[in-house]
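Student: Numbering that gives the first Met the number 0 puts the last residue of the sequence shown at 290; the count rises by one with no breaks.
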Amino acid sequence: MKLYYYIHTGHRVGLDRLRRSAPVINALKELGLEVTLLTSDFRAGEYAKEQFGIRKYVSVDVVRNIANIATPADALIFDSQEEHRAMWEEMADYFRRFIRVSDDPEDFMTKEDGLVASMAEGEGILTVDIVDPRYFSSTSHDGGNIYFWGDDDYEKKLLQLSDAFEGLDITLLEGYYFFFQYGDELAAKFAGVEESESYDDLLMGASRFLTSSLQSALEALAAGSSPIYLPKPGAPRAGSEKCEKLGIPVIESFQKEAIAKKLNETLIYSDESLRNDASIETALYIKDKLS
0 MKLYYYIHTG
10 HRVGLDRLRR
20 SAPVINALKE
30 LGLEVTLLTS
40 DFRAGEYAKE
50 QFGIRKYVSV
60 DVVRNIANIA
70 TPADALIFDS
80 QEEHRAMWEE
90 MADYFRRFIR
100 VSDDPEDFMT
110 KEDGLVASMA
120 EGEGILTVDI
130 VDPRYFSSTS
140 HDGGNIYFWG
150 DDDYEKKLLQ
160 LSDAFEGLDI
170 TLLEGYYFFF
180 QYGDELAAKF
190 AGVEESESYD
200 DLLMGASRFL
210 TSSLQSALEA
220 LAAGSSPIYL
230 PKPGAPRAGS
240 EKCEKLGIPV
250 IESFQKEAIA
260 KKLNETLIYS
270 DESLRNDASI
280 ETALYIKDKL
290 S
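1. Considering only residues of the same chain and omitting the five flanking positions on each side of Ala119, which have a CB-CB separation below 8 angstroms?
2. What three-state label does DSSP hand Ser137 in the structure shown?
3. Taking DSSP's pairing of strands, which residues face Val57 in a bridge?
4. Classify Asn275 as helix, strand or coil using the three-state DSSP reduction.
5. Is the stretch 12-24 in contact with the stretch 202-217, if contact means three or more CB pairs nearer than 8 angstroms?
6. Would you report the Cα separation of Ser161 and Leu167, rounded to the nearest angstrom?
7. Check Ala237 in the structure and name its three-state DSSP category.
8. Say whether the stretch 144-153 touches the stretch 176-194, bearing in mind that this needs 3 or more beta-carbon pairs closer than 8 angstroms, one atom from each stretch.
9. In three-state DSSP terms, what is Ile169?
10. Quick one: is Ala277 buried, meaning 16 or more other Cβ sit within 10 Å of its Cβ, or exposed?
11. Is it the case that the stretch 43-50 contacts the stretch 76-83, given that we only count it when at least three CB pairs across the two stretches are under 8 angstroms?
12. Output the distance between the C-alpha atoms of Lys1 and Val34, rounded to the nearest integer angstrom.
13. Find the nearest neighbour of Arg274 within the set Leu37, Gly31, Arg42 and Ser136, judged by alpha-carbon distance.
14. I'd like the list of long-range same chain contacts for Ile129, defined as Cβ closer than 7 angstroms, with 5 residues on each side in sequence excluded.
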């Protein structure tokens, strides 16, 4: 039985799921399991290799093409909300083992062998917030105010909302899938622009880390970088509720006054909100379900 780990990635959906699942893949390898990463695009596989040391990966352009790579004798971990429950049940019937990873607070299990959930709870479900252990390293936080929209902005929505940052002392951290010279278009609205390659350094060293990426907010919380969550227009309310539960301040709209006010507030965070062994716990859960 071979083990495949599919993650929905790309220039329209970003890399949040990859950032969440990569440490689990590495933890599975530590447990002696050989894993092949499947991504929605080749660039995500390159990022996984460069940033997380994952060398075995294959790009899959369409979800149904997974069956052209994996066989019924194999196991599939599926980190995506693509398609629908009927197809997930078909996958569960097709593969020897099928485990999903979900962000839907209303999710539940049917035919899956397991469900790893960031928000849903229930019998047989592992509810866990997964953050790479690298972000729990203590460091100085003198890097100023950083803003990270996310890795994707195919429709250039940030440009339409960027007036909210003009005149504030905030540096933009570009996303991995940003268009060539997109940072130049945004430069007039921010105090500075940094390329995506600086993601870890800027996140871990920020004085305040504003972000519209839920996964990045969790990583900044682990790093002690005083995260503030600024959800994208139309983002599910569940993301804001998750942050509020963890003690991460939320700004509900792209308004300059609201951002400036939050930056000047004294923010207090809990040191016990996240655990640095969550990826290992998840890997052990998966390994148990594979047996």
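Glycine is no exception: its CB is placed at the ideal position from the N, C-alpha and C atoms.
Tutor: According to the data block:
1. Ser101, Asp103, Pro104, Glu105, Asp106, Phe107 and Thr126
2. coil
3. Leu37
4. coil
5. yes
6. 11 angstroms
7. helix
8. yes
9. strand
10. buried
11. no
12. 7 angstroms
13. Ser136
14. Arg19, Pro22, Val23, Ala277, Ser278 and Thr281
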